[in-house]
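**Student:** Its first residue numbered 19, the sequence shown is counted upward by one per residue in this note's numbering. Structure below; questions to follow.
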Amino acid sequence: MAASAKLTAMDYLRLLLPDLFLPPGSVPDNLPGVSLLETMLARARPVPLAVTDHEARLCELLGAGAAAPLRAAGDGLESGAGYWMCADPVALQRQPAQVMLQPCLPCELSQAQAFCDALNGHFASDGLRFFAPHPQRWYLRCAAPSAVQMRTLGEVAWQDVRRQLPQGPDALRWQALGNEIQMLLHGHPLNQARLSAGLPAIDSLWLWGGGQDGAGHTELQAAGGDEPLVVLARGAGLPVYGDIRSLLDSDARQGVWLDNGLRDALAQRGLPGWHAALQALQDGVLRPLWQALGEGRLHALTLECAAGGAVRGFELTPSARWRLWCRRRPLAAYSV
Numbered sequence: 019m020a021a022s023a024k025l026t027a028m029d030y031l032r033l034l035l036p037d038l039f040l041p042p043g044s045v046p047d048n049l050p051g052v053s054l055l056e057t058m059l060a061r062a063r064p065v066p067l068a069v070t071d072h073e074a075r076l077c078e079l080l081g082a083g084a085a086a087p088l089r090a091a092g093d094g095l096e097s098g099a100g101y102w103m104c105a106d107p108v109a110l111q112r113q114p115a116q117v118m119l120q121p122c123l124p125c126e127l128s129q130a131q132a133f134c135d136a137l138n139g140h141f142a143s144d145g146l147r148f149f150a151p152h153p154q155r156w157y158l159r160c161a162a163p164s165a166v167q168m169r170t171l172g173e174v175a176w177q178d179v180r181r182q183l184p185q186g187p188d189a190l191r192w193q194a195l196g197n198e199i200q201m202l203l204h205g206h207p208l209n210q211a212r213l214s215a216g217l218p219a220i221d222s223l224w225l226w227g228g229g230q231d232g233a234g235h236t237e238l239q240a241a242g243g244d245e246p247l248v249v250l251a252r253g254a255g256l257p258v259y260g261d262i263r264s265l266l267d268s269d270a271r272q273g274v275w276l277d278n279g280l281r282d283a284l285a286q287r288g289l290p291g292w293h294a295a296l297q298a299l300q301d302g303v304l305r306p307l308w309q310a311l312g313e314g315r316l317h318a319l320t321l322e323c324a325a326g327g328a329v330r331g332f333e334l335t336p337s338a339r340w341r342l343w344c345r346r347r348p349l350a351a352y353s354v
């Protein structure tokens, strides 16, 4: 056997694919260049998953009670003390009947830290501390836990924010804090400079993922792909791989991969960009996995796709390659 050959197969890989399934009518029935994906979906066994979005699923897989302390640890913050929340910068697009939340704003690290300096100066007497170790990933730390539930950023992205307010006994306190943050950011000189440069203003921070405990027990041994998985995996102490073949060739028996290419392309370039990203996903990720199943280097693969307020699972094993009687359906048939 060659020295570079892998001695053991990976038992299980979970592949998370946000925005693979779009609303009905969005995708034509004759979408070209995705026959392998349609074949894999047709031959897979449906798997029920009791989560609503990929952020919640990642926390579940990593054994984390909350996203914020785990993500903060992955970003290099000492997240052991206090109650942490993700405090991600967002823009609010005000329309006649709704206020849409725009995530993932372009921002330089120096700007992010300047905004946090202003917030820290304003809220110092309240025992709140803001951190910006990454341009798009900010954090809030407070001394005491809070009885509040907040939707994840993925759940509220491009939704009417007025329908996504905090819930729970402490909800009014956090709503008031959110309003105060908006007022402070609105008058910040950096936002005026951003608007002059053609960039969206940072209107608010979306607070979510609050908790004190970071990583817990997980059966995963390796991870790879895109954010937010990479930073969460770092917080959990898992090795992270930059391409799917390296992950398959590792000694890990169970792994997880997140591909955010579809979501990013859809937000930036619409349906044509999403279609191009889908073809790249098929060639760069799905084809190596399909081949690994056929060669016995991967014993089981689950595609996990958020749609209709739930995450849908499709499990494949090596025998699925020979389920030739399963008729391939167009991707549009899976729309929710």
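Think of the CB as a built atom: it goes at the ideal place given N, C-alpha and C, for glycine as much as any other residue.
If you run the structure through DSSP and keep just helix, strand and coil, what is L34?
**Tutor:** Reduced to three states, the DSSP call for L34 is strand.
**Student:** Helix, strand or coil for D239, going by three-state DSSP, please let me know.
**Tutor:** Correcting the residue identity first, residue 239 is Gln in this sequence and not Asp. Coil at Q239, not helix or strand.
**Student:** Return yes when the Cβ of A240 is within less than 7 Å of the Cβ of G273, no when it is not.
**Tutor:** Cβ distance < 7 Å, so G273 and A240 count as in contact.
**Student:** Identify whether S222 lies in helix, strand or coil by the three-state DSSP scheme.
**Tutor:** If DSSP states are grouped into helix, strand and coil, S222 belongs with the strands.
**Student:** Is A351 near the ligand MN - that is, is its Cβ less than 6 Å away from at least one heavy atom of it?
**Tutor:** Because no ligand of any kind appears in the structure shown, any question about the ligand MN cannot be addressed here.
**Student:** Measure the Cβ-Cβ separation of G243 and A91 and say whether it is below 7 Å.
**Tutor:** Against a cut-off of 7 Å, the Cβ pair of A91 and G243 comes out as no contact.
**Student:** Which of helix, strand or coil does DSSP assign to S22?
**Tutor:** In this predicted model, S22 has a pLDDT of only 46, less than 50, meaning its place in the structure is not dependable; the value taken from the coordinates is given anyway. DSSP places S22 in coil when its eight states are reduced to three.
**Student:** Helix or strand or just coil, what does DSSP make of Q272?
**Tutor:** Residue state, collapsed to three classes: strand.
**Student:** Based on the DSSP secondary-structure assignment, which residues constitute the bridge partners of F332?
**Tutor:** DSSP output for F332 lists P64, L321 as bridge partner(s).
**Student:** Quick check: R155 and D93, are their CB atoms within less than 7 Å of each other?
**Tutor:** Yes, the pair counts as a contact, with Cβ atoms nearer than the cut-off.
**Student:** For a quick check, are the C-beta atoms of D261 and G83 less than 7 Å apart?
**Tutor:** Against a cut-off of 7 Å, the Cβ pair of G83 and D261 comes out as no contact.
**Student:** Applying the 10 Å Cβ sphere with the 16-neighbour rule, what's the burial state of Q116?
**Tutor:** The residue in question, Q116, is exposed, as its Cβ has fewer than 16 Cβ neighbours within 10 Å.
**Student:** Hey, how far is the Cα of Q120 from the Cα of H204?
**Tutor:** Straight-line Cα distance between these residues: approximately 16 Å.
**Student:** What does a CB cutoff of less than 8 Å around A20 pick up in its chain, not counting 5 residues either side in sequence?
**Tutor:** Confidence at A20 is low in this model, with a pLDDT of 42, below 50, so its placement is unreliable and no value can be given for it.
**Student:** Note down, in chain order, each residue of its chain lying with its Cβ closer than 8 Å to the Cβ of E56, except the 5 sequence neighbours on either side.
**Tutor:** Taken in chain order, the residues that qualify are R346, R347, P348, L349.
**Student:** Would S222 and Q193 be called neighbours here (beta carbons separated by less than 7 Å)?
**Tutor:** In this structure, Q193 does not lie closer than 7 Å to S222 by Cβ.
**Student:** Should S164 be labelled buried (16 or more other beta-carbon atoms within 10 Å of its own) or exposed?
**Tutor:** Looking at its Cβ environment, which holds 16 or more other Cβ atoms inside 10 Å, S164 is buried.
**Student:** Say whether the stretch 131-140 touches the stretch 34-53, bearing in mind that this needs 3 or more beta-carbon pairs closer than 8 Å, one atom from each stretch.
**Tutor:** No, they do not touch.
**Student:** Counting only runs that start and end within the stretch 75-134, where is the alpha helix (DSSP H) found for 4 or more residues in a row?
**Tutor:** Segments of the alpha helix (DSSP H) lying fully in the stretch 75-134: 85-92.
**Student:** Relative to the C-alpha of V354, which candidate in W340, M58, L342, R330 has its C-alpha closest?
**Tutor:** Measuring from the Cα of V354, the nearest candidate turns out to be R330.
**Student:** Three-state secondary structure (DSSP) at Q167?
**Tutor:** Correct three-state label for Q167: strand.
**Student:** When we look at the beta-carbon of T170 and count the other beta-carbons within 10 Å, is it buried (16 or more) or exposed?
**Tutor:** The residue is buried, with at least 16 neighbouring Cβ atoms inside 10 Å.
**Student:** Could you give the first and the last residue of the continuous alpha helix (DSSP H) run that contains R147?
**Tutor:** Element bounds for R147: not the alpha helix (DSSP H) but the beta strand (DSSP E), 147-149.
**Student:** Answer with buried or exposed for P124, where buried requires no fewer than 16 other C-beta atoms within 10 angstroms of its C-beta.
**Tutor:** P124 is exposed by the Cβ-count criterion.
**Student:** Straight-line CA distance for D282 to G312?
**Tutor:** Those two C-alpha atoms are separated by around 30 Å.
**Student:** Taking the alpha-carbon of W275 as reference, which of H293, A285, G302 has the nearest alpha-carbon?
**Tutor:** Nearest C-alpha to W275: G302.
**Student:** For G229, list the residues DSSP reports as bridge partners.
**Tutor:** DSSP, once it has assigned bridges, lists W102 as partnering G229.
**Student:** Excluding five sequence neighbours on each side, which residues of the same chain lie with their C-beta closer than 7 Å to the C-beta of G216?
**Tutor:** Same-chain partners within the cutoff: there are none.
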